[in-house]
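A.B. asks: Counted the way our numbering counts, the sequence shown spans residues 372 to 697.
There's a structure below that I have some questions on.
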Amino acid sequence: MTGALSDLKIIEVGEMVSAPYCGKLLADLGADVIKVERPKVGDRARTRGPFPKDDPHPEKSGLFLYLNANKRGSTLDLAQGEGMELLERLVAEADVLIHNVMPSDMDRVGLTYDRMKRANPNLVMTSITPFGLSGPNRNWRAEDLTVWCAGGVCVLNGGGPEHADLPPLKTFGQQSGYQAGVHAAVPTLAAAFARLNGEAGQHIEVSGQEAIISQLEMTFEYWPYMKMIATRLGQKPLQPVETMQCKDGYIYLCCIEEHQWRGFVEIMGNPEWAGEEIFKDRLTRALNWDVLKVFLEEWVSQQTVLDLYRKAQAKRVPFAPVSTMG
Numbered sequence: 372m373t374g375a376l377s378d379l380k381i382i383e384v385g386e387m388v389s390a391p392y393c394g395k396l397l398a399d400l401g402a403d404v405i406k407v408e409r410p411k412v413g414d415r416a417r418t419r420g421p422f423p424k425d426d427p428h429p430e431k432s433g434l435f436l437y438l439n440a441n442k443r444g445s446t447l448d449l450a451q452g453e454g455m456e457l458l459e460r461l462v463a464e465a466d467v468l469i470h471n472v473m474p475s476d477m478d479r480v481g482l483t484y485d486r487m488k489r490a491n492p493n494l495v496m497t498s499i500t501p502f503g504l505s506g507p508n509r510n511w512r513a514e515d516l517t518v519w520c521a522g523g524v525c526v527l528n529g530g531g532p533e534h535a536d537l538p539p540l541k542t543f544g545q546q547s548g549y550q551a552g553v554h555a556a557v558p559t560l561a562a563a564f565a566r567l568n569g570e571a572g573q574h575i576e577v578s579g580q581e582a583i584i585s586q587l588e589m590t591f592e593y594w595p596y597m598k599m600i601a602t603r604l605g606q607k608p609l610q611p612v613e614t615m616q617c618k619d620g621y622i623y624l625c626c627i628e629e630h631q632w633r634g635f636v637e638i639m640g641n642p643e644w645a646g647e648e649i650f651k652d653r654l655t656r657a658l659n660w661d662v663l664k665v666f667l668e669e670w671v672s673q674q675t676v677l678d679l680y681r682k683a684q685a686k687r688v689p690f691a692p693v694s695t696m697g
């Protein structure tokens, strides 16, 4: 079946996650993506697992195959003049160039927007780097953990109230690369769409650090709005918003609105304690969370996940099972 972006031709010069994931999102929508790799060594993602039977093989990396499905492939040595000339020929017939080459390497091989634009004046070029194309940190090398820490998420990502003494933690996998890829795909599509309206090509710059910072959500507003400093254990200005253990697993509770709390109280059978003054609204419930949590944990622990989830959905209360990977 023809995809929505079947008329879009993309050249991708990327390794590991950020640029390949951006390319994957567009390829999955039908774009013709040609992935360019280095001769002999290829994309570093080929060396990352998981591998079938834990036997490393460059053609069987689960990470590489996931990120590069639905793409065509080519090998070019951009460190050689001939390789850059061949890239220019590819770019001349493309709509978009996506890459995550470091700025210092861009300068060294001549992978600049000015040069690529000479090959294709209407080119949309998307550059994904850890810290942007300008500024004092532009050439800092970075892996996933580096970008997570630089983006400020690690210090807020602890082990929860039961493990408050744990050091800052990163999220599973290569999430900074995926976030940068998503943040790159959206403006790339916008720039490609603008060309349909007669606009010229554009150079899009995406910083992995800035992509991670965007996940801090309301963290920066807590102090000016509420005189609260964001902590790794969560701000919890409203309650209940919590994960709790049932008889057969975990469930996420969310009662931000008053009608949601009333629905939850009805599910629990309208217990007498729910009518106490200290639980009268979401702010007082948050202030007295240490008391309310005891009541809720005791009741929730006697329920099964799916039964409680279905009852909550019937009352339009946004609970959710915590799914496992098994």
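Beta carbons: idealized from backbone N, C-alpha and C, even for Gly.
Kindly indicate which three-state DSSP category C617 falls into: helix, strand or coil?
C.D. replies: The answer is strand: DSSP assigns C617 an E or B state.
A.B. asks: Please give the ranges of any beta strand (DSSP E) in the segment 555-636, keeping only runs that are unbroken, at least 3 residues long and fully inside the region.
C.D. replies: Here the runs fully enclosed are 574-578, 612-617, 620-625.
A.B. asks: Taking all protein chains shown into account, do 16 or more other C-beta atoms lie within 10 angstroms of the C-beta of A563, making it buried, or fewer, making it exposed?
C.D. replies: Buried, by the Cβ-count rule.
A.B. asks: Between which two residues does the beta strand (DSSP E) carrying V518 extend?
C.D. replies: Note, V518: premise wrong, no beta strand (DSSP E); alpha helix (DSSP H) at 515-522.
A.B. asks: Could you give the C-beta distance for F690 and I622, rounded to a whole number, given that I count them as a contact under 8 Å?
C.D. replies: Correct: roughly 6 Å between the Cβ atoms.
A.B. asks: Whose C-alpha, out of A398, D425, D399, T446, is nearest the C-alpha of D414?
C.D. replies: The option with the nearest alpha carbon to D414 is T446.
A.B. asks: Expressed to the nearest angstrom, what Euclidean distance is found between the alpha-carbon atoms of I583 and L516?
C.D. replies: Straight-line Cα distance between these residues: approximately 11 Å.
A.B. asks: Enumerate in chain order the residues of its own chain whose CB-to-CB distance from N659 is below 8 Å, with the five nearest sequence positions on each side excluded.
C.D. replies: Only I649, F650 meet the Cβ criterion.
A.B. asks: Does the distance from the C-beta atom of I469 to that of G579 stay below 8 Å?
C.D. replies: Contact flag unset, no.
A.B. asks: Please determine, among E637, V524, C625, the residue with the shortest C-alpha to C-alpha distance to S585.
C.D. replies: Cα-wise, what sits closest to S585 is V524.
A.B. asks: Can you give me the C-alpha to C-alpha distance between L527 and W519, rounded to a whole angstrom?
C.D. replies: If I take the Cα positions, the gap works out to 11 Å.
A.B. asks: How is M387 classed by DSSP in three states: helix, strand or coil?
C.D. replies: Three-state DSSP puts M387 in coil, outside helix and strand.
A.B. asks: Grouping DSSP H, G and I as helix and E and B as strand, with all else coil, what is R443?
C.D. replies: R443: strand per DSSP, three-state reduction.
A.B. asks: I'd like the span of the beta strand (DSSP E) that includes L458, first residue to last.
C.D. replies: Per DSSP, L458 belongs to no beta strand (DSSP E); it is in the alpha helix (DSSP H), 452-463.
A.B. asks: DSSP on A683, reduced to helix/strand/coil?
C.D. replies: Correct three-state label for A683: helix.
A.B. asks: Below 8 Å, how does it come out for the segment 433-452 and the segment 379-397: are there three or more Cβ pairs, yes or no?
C.D. replies: They touch, by the three-pair rule.
A.B. asks: Could you tell me how far apart the beta carbons of G552 and V388 are, in whole angstroms, since I believe they sit closer than 8 Å?
C.D. replies: So it is a contact: roughly 7 Å between Cβ atoms.
A.B. asks: Can you give the Cα-Cα distance for E459 and G544, rounded to whole angstroms?
C.D. replies: Each residue's Cα considered, the two are about 34 Å apart.
A.B. asks: Going by DSSP, name the residue or residues bridged to K380.
C.D. replies: Paired residues: D403.
A.B. asks: Enumerate in chain order the residues of its own chain whose CB-to-CB distance from A402 is below 6 Å, with the five nearest sequence positions on each side excluded.
C.D. replies: Result list for A402: L376, L379, I381, in chain order.
A.B. asks: Bridge partners for V495 per DSSP, in chain order?
C.D. replies: Per DSSP, V467.
A.B. asks: Rounded to a whole number of angstroms, what is the C-alpha to C-alpha distance between D652 and H630?
C.D. replies: The straight-line gap from Cα to Cα measures roughly 11 Å.
A.B. asks: By Cβ distance, which residues of its chain are closer than 8 Å to T655, with the 5 residues on each side in sequence left out?
C.D. replies: Here the set comprises E648, I649.
A.B. asks: With a CB to CB cut of under 7 Å and the five nearest residues on each side skipped, what residues in its chain are close to W594?
C.D. replies: Hits under 7 Å: I600.
A.B. asks: What's the C-alpha gap between M477 and Q550?
C.D. replies: Rounded to the nearest angstrom, the two C-alpha atoms are 22 Å apart.
A.B. asks: Is there contact here, the segment 505-512 with the segment 420-429, by at least three beta-carbon pairs under 8 Å?
C.D. replies: Touching, no.
A.B. asks: Check each candidate in T418, K488, L482 and name the one with the smallest Cα separation from A463.
C.D. replies: Nearest C-alpha to A463: K488.
A.B. asks: Do you know offhand how far T695's Cα is from G481's?
C.D. replies: When rounded, the distance between both Cα atoms is 47 Å.
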